[in-house]
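One structure is given here, and the rest of the page talks about it.
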Amino acid sequence: MDAGTAEDVLNHLSDGADVIVPIANGEPVTVLDAIEANADRFDDVRIHQMHALHDRPSLRGELRPHVRHISYFLSPIARPAFLSGGLDLVPNHFSEVPQILRTTTKCTLVVAAASLPDRHGYFSLGTACDYVASLIGEVPFFLEVNPQMPRTFGENQIHVSQLVGWCEADYPLVEVPPATITDVDRRIAAHVAALIPDGSTLQAGIGAIPNAIMTLLENHRDMGIHTELLSDGVMDLVEAGVVTGTKKAVRRGKIVTTFALGTRALYEWIHENSAVELLPVAWVNDPRVIARDPNFVSINATTEVDFLGQCASETIGGRYYSSSGGQADFARGAMYAANGKGFIVVPSTTKDGAVSRIRPRLHEGSAVTTLKNTVDHVVTEYGVAKLRGRSIRERTEALIGIAHPSFRDELLAEAKDMGFV
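If you're matching positions, the sequence shown starts at 363 in our numbering and goes up one per residue.
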């Protein structure tokens, strides 16, 4: 099959179609452009995607009722569209998105960005594997082939014979530079890094605190990586000889992820790098798989924690900000792993210092992402609160102990009023 045009995708759509789009840079920009440019030809075509990186009319709700966007995680681009009513958000655990798509949508067509085909006719989904790789062989695929997309290995390969069509495009991938690390971030990172033993398998997201933790692991040895998101920090640890994967029980020696997002240097590094495996999120984020690696360490951020240990990580002040992602998947996996450790990291206050992020109760409307029964360690710049297996009184006292000093008396008074201490 020879390459066609992006508009060829229209031949595979009809009213009520459900179009599945990969996460982040897996989005085929010109293909979605073609669908949007011809939106008035259809009624109620739904585009399903996590973490969109490109602002679009369908994202903002401007093409309804012809085309509308269904999100499974709010990126900075999608967040204002959701808050203004432009798109719908489906609550989920990242590991369960493939099954949610199978059972709640028609799965009409997958449209995805891909690398150039190899000499055997196989395309790679590049920076993505996520939920769409699970649909290979089940759902028709239409690819946008981009020479700037890295060729990666794992279970994100698809042969030309399995496609209904493909087109060509040439544009750079979206880059996300490492976040600026503050003094508070460094202090939080130091507490976490001190509790990570050599030979651990690590999951860490993107952001200033994970970046800071990575920089403090330079003297560690034989670390492994099993993470939903591969970022520049992992690349740096591999280059420094910290990550070898030799102590891993699952995919020994391999860097396991389900998508990559970072700088051009990262995209070039994963290109044809056989040490990196992109695998379906239904497997990568499965707590039962995660738990097979001893000394598994999960690191995730939250926005507020209450005295019970409930972590609201997808809302800010009760207002939706993101979604669950894989936080609960990895928190549970670390909990089940032999000698596993789960860390929830959070600055003690908001940036202006006006509001404590350790709270007696979560803000009204807050969504609990990591349950009180799952949370292990909560870390602020003032220390580590070990919560698993602790009573409500012990949890409350430990959390007050890592709150900002200016709020501790107030929090203690509230705890007494609640009968927690």
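Every residue gets a Cβ at the ideal spot worked out from N, C-alpha and C, and that includes glycine.
Review point. Considering Thr758, what are the terminal residues of the alpha helix (DSSP H) in which it resides?
Key: Locating residue 758 in the sequence shown gives position 396, where the first residue counts as 1. Element bounds for Thr758: Ile754 to Gly763.
Review point. Of the residues Ile661, Arg752 and Leu394, which one's Cα is nearest the Cα of Leu505?
Key: Working through the sequence shown from its first residue, we reach residue 505 at position 143. Comparing Cα positions, the closest option is Leu394.
Review point. DSSP beta-bridge partners for Trp528?
Key: Numbered from its first residue, the sequence shown carries residue 528 at position 166. Answer is Leu505.
Review point. Taking three-plus beta-carbon pairs below 8 Å as touching, is the region 541-548 in contact with the region 631-645?
Key: no
Practice item. Decide if the region 532-539 is in contact with the region 622-634; the criterion is three or more beta carbon pairs, one per stretch, under 8 Å apart. Key: yes
Check your understanding: What three-state label does DSSP hand Ser660 in the structure shown?
Key -> Residue mapping note: residue 660 aligns to position 298 of the sequence shown, counting from 1. Of the three classes helix, strand and coil, the one that applies to Ser660 here is strand, per DSSP.
Review point. Is DSSP giving Ala747 helix, strand or coil here?
Key: Walking along the sequence shown from the start, residue 747 turns up at place 385. Here Ala747 sits in strand by DSSP.
Check your understanding: Which residues share a DSSP beta bridge with Ser376?
Key -> Position 14 of the sequence shown holds residue 376. Answer is none; Ser376 lacks a bridge partner.
Review point. From which residue to which residue does the beta strand (DSSP E) around Gln689 run?
Key: One-based indexing of the sequence shown puts residue 689 at position 327. Unbroken run through Gln689 is the alpha helix (DSSP H), Gln689 to Tyr698; no beta strand (DSSP E).
Practice item. Could you tell me which of Thr589, Phe669 and Ala570 sits nearest to Lys616, measuring between CA atoms? Key: Taking the first residue of the sequence shown as position 1, residue 616 is located at position 254. The option with the nearest alpha carbon to Lys616 is Thr589.
Review point. Apart from the five residues on each side of it in sequence, which residues of its chain come closer than 6 Å, Cβ to Cβ, to Gly702?
Key: For the purposes of this step, residue 702 is taken as the residue at position 340 of the sequence shown. Same-chain partners within the cutoff: Phe658 and Ala696.
Exercise for review: Identify every residue that forms a DSSP beta bridge with Gln519.
Suggested key: Here residue 519 refers to the residue found at position 157 of the sequence shown. Beta-bridge pairing links Gln519 to Ser486.
Point to revise | Best match in Glu772, Phe782 and Ile558 for proximity to Ser753 [C-alpha to C-alpha] | key: Numbered from its first residue, the sequence shown carries residue 753 at position 391. Comparing Cα positions, the closest option is Phe782.
Check your understanding: Does the beta carbon of Arg614 sit closer than 7 Å to a beta carbon anywhere in chain D?
Key -> Here chain D cannot be found, since the structure has a single protein chain.
Review point. Could you check where the alpha helix (DSSP H) with Asp598 kicks off and where it finishes?
Key: The residue you call residue 598 lines up with position 236 of the sequence shown. DSSP places Asp598 inside the alpha helix (DSSP H), whose first and last residues are Asp594 to Glu601.
Exercise for review: With DSSP as the reference, please indicate the residues paired to Val638 in a beta bridge.
Suggested key: Numbered from 1 along the sequence shown, position 276 holds the residue referred to as residue 638. Val638 pairs with Ile617.
Exercise for review: Return the bridge partner residues of Phe705 from the DSSP annotation.
Suggested key: Your numbering for residue 705 matches position 343 in the sequence shown. Ile661 and His739, per the DSSP bridge assignment.
Review point. Quick one, are the C-beta atoms of Asp380 and Thr467 less than 7 Å apart?
Key: Here residue 380 refers to the residue found at position 18 of the sequence shown. Here residue 467 refers to the residue found at position 105 of the sequence shown. Cβ atoms of Asp380 and Thr467: closer than 7 Å.
**Study point:** Ala399 burial status per 10 Å Cβ neighbour count (16 or more: buried)
**Key:** Reading the sequence shown from its first residue, position 37 is the one you call residue 399. Exposed, since its Cβ has fewer than 16 Cβ neighbours within 10 Å.
Practice item. Using only alpha-carbon positions, find the residue among Ile498, Pro534 and Ser718 that is nearest to Ala386. Key: Your numbering for residue 386 matches position 24 in the sequence shown. With distances taken between Cα atoms, Ala386 lies closest to Pro534.
Check your understanding: Hey, is the region 523-531 in contact with the region 649-667, meaning 3+ C-beta pairs nearer than 8 Å?
Key -> no
**Study point:** Pick from Val472, Ala551, Met412 and Ala443 that is closest to Ala371, judged by C-alpha positions
**Key:** Position 9 of the sequence shown, counted from the start, is the residue given in the question as residue 371. Going by the sequence as given, residue 371 is Val instead of Ala. Considering only alpha carbons, the answer is Val472.
Point to revise | Contact check, Ala693 vs Thr732, beta carbons under 7 Å | key: Your numbering for residue 693 matches position 331 in the sequence shown. Your numbering for residue 732 matches position 370 in the sequence shown. It is a contact, given that the beta carbons lie within the stated cut-off.
**Study point:** Segment limits, beta strand (DSSP E) that includes Ser433
**Key:** As a first step, residue 433 is located in the sequence shown; it is residue number 71 there, counting from the start. Per DSSP, Ser433 belongs to the beta strand (DSSP E) from Val429 to Ser433.
**Study point:** Contiguous alpha helix (DSSP H) assignments of at least 4 residues, all confined to the region 446-490
**Key:** 459-466
Point to revise | Which listed residue (Gly388, Val429, Pro419 and Arg418) has its alpha carbon closest to that of Ser404 | key: Here residue 404 refers to the residue found at position 42 when the sequence shown is read from its first residue. This sequence places Phe at residue 404; Ser is not what is there. Selection Gly388, Val429, Pro419 and Arg418 evaluated against Phe404 yields Val429 as nearest (Cα-Cα).
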